[in-house]
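Chemist: Input: one structure, supplied below.
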């Protein structure tokens, strides 16, 4: 059983401790203050992603709106989700290392919210959805009585019963298939892979049945399933338990992939994924489960296909997701001290890419660095590079730099493992090289 | 039960109906004995005597004749290259489909592998849908996008139609899980072949079904050949009904529709109370594994014709009908002619059906309406844009027009999961 080492407060760079960082100026990054509303894509007109839930409830949920956030029910009644005060107007996310705009109005207008760790945020999202819709159920190894190997489903089995929070035997292929079959009839199962790497055993079910059934049945069946689990390179977990499956799954047509990185987006994406009628794979990271952040008390759902602007900037666009976001933010501190102004975007949506946000950013900065934890060959970065090149070639001043993990099985030895993934120093060097 | 008969045109219906009415068939039940007694594993087998009615016998005959005719017609369509790819034919195994249908309702679910044409028909699929799908036309049950191996009928409780051997078994257990979850007293029949019986997922799924008492009935259609390999060359123990170990099993003569019916009824009662059960249907396919397999390289023609003479399911029903004086030879021949005509008409109609529109390439990849931003002009009730959405969604939008006014300042860009026009719409 691999429980991640307890990290206090934020993801303090205990691994990137002084023995590896030559530069001692940078303190460990503080927990990023969360944006109180999800950041809009741009400063002009409001975009609202509207989800039309075609289930019999016919609720229309407005995810984001300029001035308020609320649920509209089909009988016309309004449930206020957030405070309707206009002072919570949309602002660019300023949860930045060096902020461009001040955060003052946002924080004074907000209700305090509550602080919790990332796995607790996932659990909250899960619990709210299970409360809301009786068709939502969880299946996975050790999710029920044990409470989940990362405690994401702790306390749910006593509350909802053994059938809704189902402890499965160790048979990934079959219980994923079971979840897909159940989804065909209208249930909304959430499959937890104890470690994402184990889902390779279920690849046939995910690729052929989950992704394709909506298409091959001519739209008769939809598969509103969520497949989630921790992946990524952890602390010396060994090669087979350090898999990054986003690169393997990215070609499967019919699925959506999202990666969460903060408690705020973890909860929002979890809820959005459960409400989505498409199969969604939610990638979590083993090392991020103990991140602490203050999130709103009110209910919120994030857009599955949207990227998050972590830090606006002018000189270079750094695209990243999941754990690498923190390495990037650390590197950003160094870069700011050196006088650069990087724009950091957490792409969140791995399939499809949020080319709108990314595009706007490229048009502004004309330089792109992609920092990812996937392997170099055939990874998310490779696809993203191709995508950006195809769509925004004219706006690029220099070739896209893609920093990814080495194409090696993750070694056990600590030092070797660190060299497998991208470190902040490499990011700093790459940006300096690019902006020369 | 009289599903297929109901779907005939009025003209054809009158013929057989007239015959039946003039004959004044008694509705008194007939007792039929199954060809061989059931062999059971860990359970008491049901009785060999099956109650049936004359109406049911005639319906069985007609349905099986229709299925047989459909498969033979598909054979010739394949040879004339109107059906491409893989085509797995079910002739010889019709008794399984027909007998199973007779024992269950449309609320029960059936899921099977790629040899699904006849089961689709039994679940309420029409001939037109079947042939149009085989030929890749728009009127097919999966809009031409599935093909021979992907027939689905949601209203009829038919969950396909799957190409990967054995992958449908966990899906079937999932269907049973959902039935248990919603407590609706229905069962799932997860069908697979003797080849798939060696898949690991079968045993994983069986374990889970037995663990949680899911109302799943696993039906092994043992036609003795897994693609080109005989069962004795692929399985150490060809007693597939015993493979459940702690799960009870029943071996059934799959060429006898009444044995199948009795077994399925028995299995349904068992599954609702006690959890999973395995049914092994001892059956035979006359064609090869698929149309690209002649079927004679791994078995002798004598074997095939022997089975056809001694165990053919349609012949058995025919003999029963004749021996009980329910219809004359001529009447049965007329039924066959009707059936043939029906199939020919369906093929003609399917041939006229158009090929799918190129835009259909991108539809149904994702469920629309999620994450896709509303086009501003929708609010102006621009119907050309609404055509992007399905009818249901358009109706939802119309009915919620008051609500959509609240989203009046949307960016008009289709951005979400259906972004094939990305380059065109970016600012």
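Chains as they are written, first to last, in our numbering: chain A, 32 to 467; chain B, 27 to 453.
For each residue, glycine too, the CB sits at the ideal point set by N, CA and C.
Model, not experiment: these values are computed from the prediction.
Report the rounded CA-to-CA distance for residue 255(A) versus residue 237(A), giving the unit in angstroms.
Modeler: Each residue's alpha carbon lies about 12 Å from the other.
Chemist: Among 434(A), 358(A), 177(A), whose alpha-carbon lies nearest the alpha-carbon of residue 341(A)?
Modeler: It is 358(A) whose Cα lies nearest to the Cα of residue 341(A).
Chemist: Where does residue 33(A) sit, in a helix, a strand or coil, going by DSSP?
Modeler: Bear in mind that the predicted position of residue 33(A) carries a pLDDT of just 39, short of 50, making it unreliable; the figure below should be weighed with that in mind. Three-state result, residue 33(A): coil.
Chemist: Please list the residues of the region 230-253 of chain A that have a C-beta atom closer than 7 Å to any C-beta atom in chain B, keeping them in chain order.
Modeler: Result list: 235, 236, 239, 240, 245, 246, 247, 248, 249, 250, 251, 252, 253.
Chemist: Please compile the residues from chain A whose C-beta is within a distance smaller than 7 Å of the C-beta of residue 178(B).
Modeler: The answer, in chain order, is 248, 251, 252.
Chemist: Would you say the beta carbon of residue 271(B) is closer than 8 Å to some non-hydrogen atom of the ligand COA?
Modeler: No copy of the ligand COA occurs in the structure displayed, which carries no ligand at all.
Chemist: Runs of 4 residues minimum, wholly inside the region 288-328 of chain A: which ones carry the alpha helix (DSSP H) assignment?
Modeler: 294-306, all fully within the region 288-328 of chain A.
Chemist: With residue 429(A) and residue 398(A) assumed to form a contact (beta carbons below 8 Å), what rounded beta-carbon distance in angstroms separates them?
Modeler: With 8 Å as the limit, residue 429(A) and residue 398(A) qualify as a contact, their Cβ atoms being about 5 Å apart.
Chemist: Are the CB atoms of residue 315(A) and residue 262(A) nearer to each other than 9 Å?
Modeler: Cβ atoms of residue 315(A) and residue 262(A): closer than 9 Å.
Chemist: Drop a sphere of 10 angstroms on the beta-carbon of residue 188(B), count the other beta-carbons inside from all chains shown, and report buried for 16 or more, exposed for fewer.
Modeler: So residue 188(B) ends up on the buried side.
Chemist: Report, in whole angstroms, the separation of the C-beta atoms of residue 233(A) and residue 216(A), which I expect to be a contact under 8 Å.
Modeler: About 19 Å; that fails the 8 Å criterion.
Chemist: Let me know the secondary structure DSSP gives residue 302(B) once reduced to three states.
Modeler: Residue 302(B): coil per DSSP, three-state reduction.
Chemist: Apply the 10 Å Cβ neighbour rule to residue 341(B) and answer buried if 16 or more other Cβ atoms are within range, or exposed otherwise.
Modeler: Exposed.
Chemist: Do residue 286(B) and residue 92(B) have their CB atoms nearer than 9 Å?
Modeler: Going by C-beta atoms, residue 286(B) is not nearer than 9 Å to residue 92(B).
Chemist: Can you give the Cα-Cα distance for residue 363(A) and residue 259(A), rounded to whole angstroms?
Modeler: Near 30 Å, if we compare the C-alpha coordinates of residue 259(A) and residue 363(A).
Chemist: With a cut-off of 9 Å, does the C-beta of residue 131(B) fall near any C-beta of chain A?
Modeler: Output row for residue 131(B): interface = no.
Chemist: Which residue comes first and which comes last in the beta strand (DSSP E) that contains residue 221(A)?
Modeler: Where residue 221(A) is concerned, the enclosing beta strand (DSSP E) stretches over 219-223.
Chemist: Runs of 4 residues minimum, wholly inside the region 143-215 of chain B: which ones carry the alpha helix (DSSP H) assignment?
Modeler: Taking only runs of at least 4 residues, the alpha helix (DSSP H) segments lying wholly in the region 143-215 of chain B are 143-148, 153-160, 194-207.
Chemist: Identify whether residue 251(B) lies in helix, strand or coil by the three-state DSSP scheme.
Modeler: Note: residue 251(B) maps to strand in three-state DSSP.
Chemist: Following the continuous alpha helix (DSSP H) through residue 149(A), name the residue where it begins and the one where it ends.
Modeler: Unbroken alpha helix (DSSP H) run through residue 149(A): 149-163.
Chemist: Listed from N- to C-terminal order along the chain, which residues in the region 293-317 of chain A have their beta-carbon within a distance smaller than 7 Å of any beta-carbon of chain B?
Modeler: Per Cβ criterion, the list reads 307, 308, 309.
Chemist: Counting contacts by CB-CB distance shorter than 9 Å, is residue 291(A) in contact with chain B?
Modeler: No, its Cβ sits nowhere closer than 9 Å to a Cβ of chain B.
Chemist: So for residue 310(B), helix, strand or coil by DSSP?
Modeler: Coil.
Chemist: Mind checking the region 152-170 of chain B against chain A and listing, in chain order, the residues whose C-beta falls within less than 9 Å of any C-beta there?
Modeler: Listed by position, the residues of the region 152-170 of chain B near chain A (Cβ gap below 9 Å) are 159, 166, 167, 168, 169, 170.
Chemist: Check the Cβ-Cβ distances between residue 393(B) and every residue of chain A, and say whether any is below 9 Å.
Modeler: Yes, contact with chain A.
Chemist: Please go through the same chain and pick out, in chain order, the residues whose beta-carbon is closer than 7 Å to the beta-carbon of residue 426(A), but skip the five residues on each side of it.
Modeler: Counting only Cβ-Cβ distances below 7 Å, and skipping sequence neighbours, we find 393, 394, 397.
Chemist: Check whether the region 277-296 of chain A and the region 307-326 of chain A touch, using three or more Cβ-Cβ pairs below 8 Å as the test.
Modeler: Yes, since at least three Cβ pairs between the region 277-296 of chain A and the region 307-326 of chain A fall closer than 8 Å, the two stretches touch.
Chemist: Got a sec: is the Cβ-Cβ distance from residue 205(A) to anything in chain B below 9 Å?
Modeler: Yes, its Cβ sits closer than 9 Å to a Cβ of chain B.
Chemist: To the nearest angstrom, report how far apart residue 266(B) and residue 239(A) are at their CA atoms.
Modeler: Distance between the alpha carbons of residue 266(B) and residue 239(A): 26 Å.
Chemist: Look at the alpha carbon of residue 372(A) and the alpha carbon of residue 380(B), and state the distance between them as a whole number of angstroms.
Modeler: Roughly 57 Å between the two C-alpha positions.
Chemist: So is residue 369(B) buried or exposed if we call it buried at 16+ other beta carbons inside 10 Å?
Modeler: The residue is buried, with at least 16 neighbouring Cβ atoms inside 10 Å.
Chemist: I'd like the span of the beta strand (DSSP E) that includes residue 339(A), first residue to last.
Modeler: From DSSP, the beta strand (DSSP E) with residue 339(A) extends over 339-342.
Chemist: Determine the chain A residues that contact residue 298(B) at a beta-carbon separation under 9 Å, and present them in chain order.
Modeler: Correct list: empty, because the minimum Cβ distance to chain A is about 16 Å.
Chemist: Taking only beta-carbon positions, decide if residue 218(B) is within less than 9 Å of chain A.
Modeler: Chain A, which has no Cβ nearer than 9 Å to the Cβ of residue 218(B), makes this no.
Chemist: Since residue 218(A) meets chain B, which of its residues come closer than 7 Å, beta carbon to beta carbon?
Modeler: Per Cβ cutoff of 7 Å: 204, 207.
Chemist: For chain B, find out if any of its Cβ atoms is closer than 9 Å to the Cβ of residue 161(A); answer yes or no.
Modeler: No, because no Cβ of chain B sits closer than 9 Å to the Cβ of residue 161(A).
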